Structure formats: C-alpha cells, structure tokens
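Here the protein sequences line up with chains A and B, keeping their order.
Just so you know, we're using this note's numbering here: the first sequence kicks off at 1 and counts up by one.
Just so you know, we're using this note's numbering here: the second sequence kicks off at 1001 and counts up by one.
Below: one structure, written as structure tokens.
Protein chains: 2
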Amino acid sequence: MSVAATAAEIPIGYAEIVAAAERIAPYVHRTPVMTSRTLDERCGGTVFLKCENFQKVGAFKFRGAVNALLQLDEKSRRAGVVTHSSGNHAQALALAGRLLGVPVTVVMPRTAPAVKRQATEGYGARVVPCEPTLASREATVADEIERHGLSLVHPFNDWNVIAGQGTAALELLDQAGPLDMIVCPTGGGGLLSGTALAVAGRSPETRVVGAEPARADDARRSLETGSIQPSNDPQTIADGLRTSLGPYTFAVISRQVDRIVTATEPEVLDAMRFIWERVKIVLEPSSAVPVATLWNGQLDVKGLRVGVILSGGNVDLEPLFQALAGRIG
Amino acid sequence: MSVAATAAEIPIGYAEIVAAAERIAPYVHRTPVMTSRTLDERCGGTVFLKCENFQKVGAFKFRGAVNALLQLDEKSRRAGVVTHSSGNHAQALALAGRLLGVPVTVVMPRTAPAVKRQATEGYGARVVPCEPTLASREATVADEIERHGLSLVHPFNDWNVIAGQGTAALELLDQAGPLDMIVCPTGGGGLLSGTALAVAGRSPETRVVGAEPARADDARRSLETGSIQPSNDPQTIADGLRTSLGPYTFAVISRQVDRIVTATEPEVLDAMRFIWERVKIVLEPSSAVPVATLWNGQLDVKGLRVGVILSGGNVDLEPLFQALAGRIG
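Below is the structure:
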C-alpha cells in the first residue's frame, strides 16, 4: 500500500461542497434531471439522470474550474493559472478564466486534435504544446509556473476542483429526492470524490459507486490493491476516463466509495446509443459508462432509487454530419 | 383559387385546443423549454426552444394522435383506426393506440425503411404495405376502412389531430411568457395550424410563422397563389416536411399565418449541427429548419421574444455509431 496515498489528509468535507455550491451558483447552470421509463423497466430501479452534458462547455468540469479560480487571491488571479488537459477540463478552465478575468494557459500534447486546441483558444486561453509524454507535460507545466508565476489548477488532484465537482451531486439530491445510490463515471476521480464528500454529509445512507471502462479499470484495481494503479494509455472509446487516480482522489475514494463497476466497450456504445435514440440527448461515451452498468445489470439496482451523473456531451459529430451532407447532394 | 380550399370551414378554435390540452394531459409529456445564449447572440432575439423531441415517440405527433383517439366513440374505438405514414405519425398513433386500447393499422409504402416498420410494429400496430404511389396508398386505406370498419386518423388533415398539435404552443406560452412570434416547421401543416389556432385565442398579438425547406416550399407557394400547391417528392433532408398542405390546414394557414420562410439544405444541416453540438439535444432535420431561418437571418427577430417548436428528434444514428464502433476495434 502506497504511503503517499493512504497518508493523504482529506482537508475538505461537506461544508466545503456547500460553500462551493454557493460560490459558483452565479456562473454555472443548474442542470435538469431526466428520467427514462425504458431504462427503469430494464434495470428495475428508478433512475435519475443528472444532465451535466447541458452544463457550460458541455461538462461538469466547469464547476470545479470556476470554484478553483474563485478561491485564488488577487495576486494569483492577476498572474493567471495553468493546467494540462486536452479534454473537457481545458475548455472548462478556459471559459471560467474568461468569465472571471483570469489568464489561462493550457499545456496540451501536440498530438491533440486541432478541434480541441481551437475550442480552448476560442475561449481565450493560451495553449502551449508539449510532447505526448508525462515527462514533457510535467516539464512544460513546471516551466510555465516558474517563468510566469502561474498557479496550477490540476484537472482532478486539487481540493477546490474536487469541491466544485461535488456540487452536481448536491443539486441532484435536491432535485430527485432521497437516493439509494449515485453512480459516477470515473477517470481521475474528481467527480467521484466530490460526489462522495457531498453524499457523506447530505445523505450518508446513499451508496456512491464509480463506473469505468473495463479496458481502463485502474480505479477498480486501485481499490482492490490499496494503492494507486497506473492507467497505461488504455484504448477505450470513453476518452474522458483514461486517466488514473491521483493521491487526493484515491484518498477519498478508498475510504468513501462503495465499489467500482465496469462496462465493456460494446456495452458502452449500446448504452450511449440508447440515450441518444430514446432520451434524445447528446452524451459523450464517458457518460454512457454508468448507464451501461445499469443497462446490463453489472450493478443490481432493483427496487432502488439511483442517481447517475451524466458527465458531459462533447463528442465528435463529424461522421454523422458527413453522412447527412452526403444525402443533400 | 381552389374552391375546396377557401370554402373549408374551420370548425375548431381556441376552446378546442384548450379542451384537447386537458384531455391529453394524462398521456403526454409536458416537454421542457430550452434556451441558447449563442443562438440569441447570433439572431439578436430571445429564443425559446420547445423541445417536442422529448415528447413520447420523440415527436409532437403524439399529441394529435392521442387527442384523435380520445374523441372516438366506443364502437369506433373497438373497431380501430387506420392511417398512412412512414414517419413520426405512424409511431405516434401506434403508441397512442396501445396506451388507449385502440387497434391501429398503418398503411406504409413497401419502400419505407425496415426500421420504421419495425418501430411501428414494436408499438403493437398492424402495418399494411402499399405501393409507393398516392393511388395505391389511398386504395389500400379505403380497402382497410371498408373491410374492417376502421376510422381514418389522417396525419394532419383532421381537426382533432390539429387541435392536439396546438397544445404544444399553449404550453410554450405558459412556460416562456409573452412571445412576439412563434415559428413552426411546416410539412402537412398540422402543427402550424394548431399553433395558429392556439395563438389566436391565447395571444393574438403573437405572429405565427411557418418554416420549410427551400426545396419543399409548397406552403409558401400555396399562400402566394391562394391554392394548395403540390409537393412533388422534393429531395430534402428534412424528410418530415415533404408533404403538401391539406384543405383543412390550408384553410387555417391562409387566414391566420403571418408568413412562410425557407432555408436551404446546407443551412438546415448547419443549424442542426449547432443544436447538437451546443444545446446537446438530438434533433431531426425537420426541426432544424426554423432554427436555420433564425440562424441565417431570413427571419429578422432582433429585439423579439421568439418561440420555436422543435418538432422531433427521430434521426438515423447508424452512421455515427458505425464510426464509433470502428474505433473500439
């Protein structure tokens, strides 16, 4: 068992999640909760889908980004922040920075899709390319911090970010009423950690479960082995869930999360298609992972009231619109 | 000017729409209204999107189908109903029949996609194939009526159907508050007619505008010429809007609709992509037509409060999921 992991203190709790919710309220959407009779009939439970795909930038990540920026002191705000991401956190921090007047730098691998870079720059962030290795990423971030005096806003291993992510679960409990269980997609574990802290204070009888792709089951293995297991570039369609846990998120998850369940790639795609076709919302593959675990019974929720946090809706629609454009001739 | 068209009496009005809303309330979803800051900034108005893509069977058509079936006398209910459709009306009537215990027969061209037939049969309807010609369709429907004593529930040229469709606009006005304009996609004109009748009674200062594909601009031409213009198998991606008006819908539209605007095929696709990517909801091309007229300024709505009825969300997702399945290897 890794000393670093188990020794990590957990300096925040329910009070910090509530404070974060109040702090970010003027900036974030209170996203709706949807239901599906088809899903309920299939899994035997009553499922409440918290639609963070409707959040600003199309992902829950905006909550943590706003909370982190609002906690900077004046000097740090003026100097600006840096992060590393080619995903939703990059855009979330970029937009949060624009809205709050904080300069944002995003270190992004050269290999990231041009559309990701453009979207991040479109929100006014400065993008600094790095090589697609951990060493290059860390060196580039360190260099930016040293040269420009920037503050790091890590995508998930940051208590302010974790507190912000936990606000989605608070809203869900307000909107859906008592829940027996909440299931979250699990990559770096920020959403799952924030949810666990929120639930522990508001509704301790609610079990918190993480869901991850079977091909990227590092969180499950980390809980089983008691130390953070690496995630070695797993090939999963759920590209938001490829990351391994960090010391902070492992500390919370190993103590407060009931279990981690997994779904195979075809199961994830089937669940995603079900949501698109029947619930009529645009969901990214990562968000379909918890739905898949309900749809296929990995998670037995018969007779239970279950919340699912649909983490985001950012997906490449080019193949669909290419096909449609082909039809208009 | 066609005598049949202009002579058509309009036997329903606001009271019938209100009665329809009460009648169907236990069966239909009260769909949400969404907004988009990006859309508002682009068109200069304040736009309220009435999300009938979230309606049962994914389309407003369910409203009219339920209202029509609830108005049958006991004998007609037992005998059952027939319609012709390969689109949303087929599934809407099939589900309405299943929920209300009314046998449903749908006459559908042999050339309709298998998925449409399966979906309709999946809701328990009997599908009777016909040749893909108007003559065959009408003969097949007439034969079903004669042999089985069925009642026809026309997709749009039916006052009970029109009254049911008008209930979406009533809800929209309740949800959004006062509106300067409501824009509806326009195919056979059932939604546009019902909306016009609802608005005339509830909010006579609100202008009602129809939107159709430039390639299927028969409603526009019908208003200009003063008689129903045919729609000759137009090649538009907005497959729900290929139909021409009927005598009933023409009677309402020619008297109570402000104007008809059109959008080109690329404009429709662009608007649809904007909605999917930014509003994160699944919309069919027909529903993107009114959005396109706002997005591209055919309809000047600067400073106005504008409602748009997003009519449905049934679209073939196979190309997208084929592309995604290719990625999971």
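Just so you know, even glycine gets a beta-carbon here, dropped at the ideal spot from N, CA and C.
No experiment lies behind these values; they were computed from the predicted model shown.
Skipping 5 residues on each side, what residues in its chain have a beta carbon closer than 8 Å to that of residue i?
i          : result
Tyr1014(B) : Leu1197, Ala1198, Ala1200, Gly1201, Arg1202
Thr189(A)  : The residue asked about is misnamed: residue 189(A) is Gly in this sequence, not Thr. Closer than 8 Å at Cβ, skipping near neighbours: Phe156, Gly210, Ala219, Leu245, Gly246, Thr249, Phe250, Val252, Ile253.
Leu72(A)   : Val81, Val102, Ser151
Lys1302(B) : Cys1043, Gly1044, Gly1045
Thr1111(B) : Pro1132
Ala1079(B) : Pro1103, His1148, Gly1149, Leu1150, Ser1151
Ala1008(B) : Pro1247, Tyr1248, Phe1250, Ala1251
Using a cut-off of 9 Å between C-beta atoms, extract the partners of residue i located in chain B.
i         : result
Gly329(A) : Gln1235, Glu1265
Just checking my contact of residue i with residue j at CB under 8 Å: how many whole Å lie between their CB atoms?
i          : j          : result
Met1108(B) : Arg1117(B) : 6 Å
Ala1163(B) : Ile1309(B) : In fact, because the Cβ distance is near 15 Å, the residues do not count as touching under 8 Å.
Ser1076(B) : Ser1151(B) : 5 Å
Ser227(A)  : Thr243(A)  : Actually they are not in contact, since the Cβ atoms of Ser227(A) and Thr243(A) sit about 16 Å apart, beyond 8 Å.
Ile1281(B) : Lys280(A)  : 6 Å
Trp1295(B) : Arg1137(B) : Contact flag wrong, Cβ pair sits at about 35 Å.
Ile1017(B) : Thr1167(B) : 6 Å
Leu1192(B) : Thr1186(B) : 5 Å
Val1161(B) : Gly1064(B) : 4 Å
Ile1010(B) : Asn1067(B) : Ile1010(B) to Asn1067(B), Cβ: 17 Å. No contact.
Pro319(A)  : Pro1319(B) : 6 Å
Anything in chain B within Cβ reach of residue i, meaning under 8 Å, just list it in chain order.
i        : result
Ala59(A) : By Cβ distance, chain B contributes nothing, its closest Cβ being about 10 Å from Ala59(A), past 8 Å.
In chain order, what residues of the same chain have a beta carbon less than 6 Å from the beta carbon of residue i, not counting five sequence neighbours either side?
i          : result
Val1003(B) : Unreliable positioning characterises Val1003(B) in this predicted model, as indicated by a pLDDT of 39, which lies under 50. The coordinate reading is nonetheless provided below. Nothing listed; no residue qualifies.
Val183(A)  : Val209, Ala211, Pro290, Val308
Ala1005(B) : Below a pLDDT of 50, predicted positions are generally treated as unreliable, and Ala1005(B), at 45, falls in that range; the measurement from the model is reported next regardless. Result list for Ala1005(B): Ser1227, Ile1228, Pro1247, Phe1250, in chain order.
Leu69(A)   : Ala96, Leu100, Val102
His89(A)   : Lys61, Pro155
Ile12(A)   : Trp159, Ala163
Arg207(A)  : Met181, Asp258
Glu1144(B) : Val1082, Thr1105, Leu1150
Phe321(A)  : none
Leu299(A)  : Val261, Thr293
Ordered along the chain, which non-local residues of its own chain (more than five positions away) have a Cβ less than 7 Å from that of residue i?
i          : result
Leu1317(B) : none
Phe1054(B) : His1029, Thr1031, Pro1032
Thr1264(B) : Ala1214
Arg278(A)  : Ser36, Thr38
Gln175(A)  : Val33
Thr1236(B) : Pro1213, Arg1215, Ala1216, Arg1242, Glu1265
Val268(A)  : Pro213, Ile237, Ala238, Pro285, Ala288, Val289, Ala292
Ala1094(B) : Val1104, Val1106, Thr1120, Tyr1123, Gly1124, Ala1125
Met1272(B) : Leu1283, Pro1285, Ala1288
His140(A)  : Note that residue 140(A) is Thr in the sequence shown here, rather than His. So the list reads Val107, Val128, Cys130, once near-sequence residues are dropped.
Given that residue i touches chain B, what residues does it touch there, using C-beta distances under 7 Å?
i         : result
Asn53(A)  : Lys1280
Leu269(A) : Phe1321, Leu1324, Ala1325, Ile1328
Looking at the unbroken alpha helix (DSSP H) that takes in residue i, where does it start and where does it end?
i          : result
Lys61(A)   : 61–70
Phe1321(B) : 1318–1328
Ile145(A)  : 134–148
Phe156(A)  : No alpha helix (DSSP H) holds Phe156(A); DSSP gives it neither H nor E.
Ile1017(B) : 1014–1024
Val289(A)  : 285–295
Val199(A)  : 190–202
Asp220(A)  : A small fix is needed here, since residue 220(A) is Arg in this sequence, not Asp. That run of the alpha helix (DSSP H) goes 218–225.
Arg98(A)   : 88–100
Kindly indicate the opening and closing residues of the beta strand (DSSP E) around residue i.
i          : result
Val1208(B) : 1207–1213
Ile260(A)  : 259–263
His1084(B) : 1081–1084
Leu170(A)  : Note, Leu170(A): premise wrong, no beta strand (DSSP E); alpha helix (DSSP H) at 167–176.
Ile309(A)  : 305–310
Phe1250(B) : Unbroken run through Phe1250(B) is the alpha helix (DSSP H), 1247–1256; no beta strand (DSSP E).
Leu1049(B) : 1046–1051
Thr1105(B) : 1104–1109
Val1115(B) : Taken as a continuous stretch (DSSP letters only), Val1115(B) belongs to no beta strand (DSSP E), being part of the alpha helix (DSSP H) at 1114–1122.
Arg37(A)   : Premise fails: Arg37(A) lies in the alpha helix (DSSP H), 37–43, not in any beta strand (DSSP E).
Arg126(A)  : 126–130
Please check if any C-beta of chain D sits within less than 9 Å of the C-beta of residue i.
i          : result
Arg1077(B) : Looking at the structure shown, chain D is missing, and the protein chains on hand are A and B.
Problem - Interface residues of the stretch 274–300 of chain A facing chain B [CB-CB below 7 Å] - result: Trp276, Glu277, Lys280, Ile281, Val282
Practice task
Would you list, in chain order, the members of the stretch 1027–1039 of chain B that have their beta-carbon closer than 7 Å to a beta-carbon of chain A?
Solution key: Pro1032
Practice task
Please name the residues in the stretch 122–135 of chain A whose beta-carbon is closer than 9 Å to at least one beta-carbon of chain B, in chain order.
Solution key: none
Problem - Against chain B: residues of the stretch 308–324 of chain A by CB proximity under 8 Å - result: Gly313, Leu317, Pro319, Leu320, Phe321, Gln322, Ala323, Leu324
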